[in-house]
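Working notes for the structure below.
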Amino acid sequence: MTTTRMRPEHGSRFHEPNTLLYNTSARLSYHDAERDDDRIYCGIRDVLSGHDGNEDKLNFFVPSAAGQGRLLENIYSRNNSDTQKLLFVEVHDTGTPVGDPIEANCLGRFVNRSTLNSPLLLGSIKSNLGHSEGANGVASLIKAAMCIYHRGITANMQFTSLNPKIEAQNIIYIFFKILYHFQLFQIMKK
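And the structure:
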């Protein structure tokens, strides 16, 4: 399995044979889940997706900074969300030398934090699981839900250094090599 991500010396591998995810979903309300005594891992406030075509990129396989920026702006503005309260982002992080900097730099410009703000905690399931192709979105969603439920971020295994094309001076990113509990972060902020 691919285990090295967001490192400039490693590329993304597709067609990972060892990744299996099973997801079932049913249309249930929060009240139905409570009534049935179902465990609730997290709530999803809103969902938005987009496709940027070849707007500002070299080819179909490279993400669009303009498209990602527009998507972030749309979902945060329609929910009146304050980006300064954002604690954790589960990034796509394919491990590609071009895609990772586009994603991270776009996120950095959108969140626009300085050394006076709290850092943004980043995670990526691919550093632990590898690239699971069409199941990447659900794998990231499951991981983010479990991080929220357990109030901590799992380690980004194999992370050693940030891709030098990521403009880390524009935002304080933190990647963890150990399990990190949110309570510790709240204490650090005070």
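Quick note: the sequence shown uses the working numbering, first residue -19, plus one each step. Beta carbons: idealized from backbone N, C-alpha and C, even for Gly. Note that this is a predicted model, so its numbers are computed, not measured.
Checklist line | Buried versus exposed, by CB contacts within 10 Å (16 or more), Lys257 | finding: The chain is shown only over -19 to 170; residue 257 falls outside these bounds and no answer can be derived.
Notebook entry, point to check: What is the residue span of the beta strand (DSSP E) that Gly103 lies within?
Noted result: 100 to 103
Check: Since Val172 sits in a beta bridge, which residues does DSSP pair it with?
Finding: Given a span of -19 to 170 for the chain in the structure shown, any question on residue 172 remains unanswerable.
Check: Taking only runs of the alpha helix (DSSP H) that begin and end inside the stretch 124 to 150, which ones reach a length of at least 4 residues, in chain order?
Finding: none
Check: Considering Phe90, what are the terminal residues of the alpha helix (DSSP H) in which it resides?
Finding: 79 to 91
Note to self: Out of Asn143, Phe162, Val27, which one is the CA nearest neighbour of Ala84?
What the structure shows: Asn143
Item checked: Uninterrupted beta strand (DSSP E) stretches inside the stretch 22 to 75 (no shorter than 3 residues) -> 68 to 70
Check: If we ignore side chains and look at the alpha-carbon of each, how far apart do Arg19 and Ile133 end up?
Finding: 20 Å
Next item on the list: Could you tell me the distance, in whole angstroms, from the CA atom of Val71 to the CA atom of Tyr10?
Entry: 27 Å
Checklist line | Cβ-Cβ distance between Leu87 and Leu51 below 8 Å | finding: no
Next item on the list: Name, in chain order, the residues that DSSP records as bridge partners for His161.
Entry: Gly132
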